[in-house]
Amino acid sequence: MLNGRLTCGHHSAFRVLVRLWNEKEEKVNNLIGQTHTDNNGTFELHQEFDRDVHNAILTIHHDCDDGVKAGRRKFIFQIPDKYFINTMEDVFHLGTFNLETRIKHAESRVADEETSN
-11 MLNGRLTCGH
-1 HSAFRVLVRL
9 WNEKEEKVNN
19 LIGQTHTDNN
29 GTFELHQEFD
39 RDVHNAILTI
49 HHDCDDGVKA
59 GRRKFIFQIP
69 DKYFINTMED
79 VFHLGTFNLE
89 TRIKHAESRV
99 ADEETSN
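In the working numbering, the protein residues as written are -11 to 105.
Laid out in structure tokens, this is it:
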């Protein structure tokens, strides 16, 4: 199971499309499940997995802080495989996420730096 709460600033983001995909590819046959957020911005995906799930991604399609641009903004989160192994007893909690966020670049690695006072 996956769950979370989406906001758009200080307001709940309702009717936002949330999809779970297998194998990092958004192809119809890789769609595991989808739902929409409720009036409080919360979502839950409960799925029975009839195949191995590896490199799953969660996509969130929304219009928060988008002005009048055509189409929707999309966030992509990779979900750790451990949440799909053997049982669905483990729950992945996305937590509360503000959709106003802008992610400038993909995740990168940086060297550890010591801070001096």
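Backbone N, C-alpha and C fix where the C-beta goes; we use that ideal spot for every residue, glycine too.
First through last residue of the beta strand (DSSP E) which encompasses Val6: Unbroken beta strand (DSSP E) run through Val6: Leu5 to Trp9.
Nearest to Ala58 (by Cα), restricted to the options Gln22, Gln66 and His49: Nearest C-alpha to Ala58: His49.
Buried or exposed by the 16-neighbour rule on C-beta atoms within 10 Å, applied to Val4: Classification of Val4: buried, given that the 10 Å Cβ count is 16 or more.
Rounded separation between Gly(-8) and His81 - CA only: The C-alpha of His81 is placed about 6 Å away from the C-alpha of Gly(-8).
Beta-carbon proximity check, Leu(-6) vs Ala1, cutoff 9 Å: Taking the C-beta atoms as reference points, Ala1 is found nearer than 9 Å to Leu(-6).
Coarse secondary structure for Phe2, derived from DSSP in three states: Shown here, Phe2 sits in coil according to DSSP, grouped into three states, outside any helix or strand.
Assigned secondary structure, Asn86 (DSSP; H/G/I helix, E/B strand, else coil): Under the three-state reduction of DSSP, Asn86 is assigned to strand.
Test item: CB-CB of Val107 and Gln22 under 9 Å: This structure cannot settle anything about residue 107, because the visible part of the chain is limited to -11 through 105.
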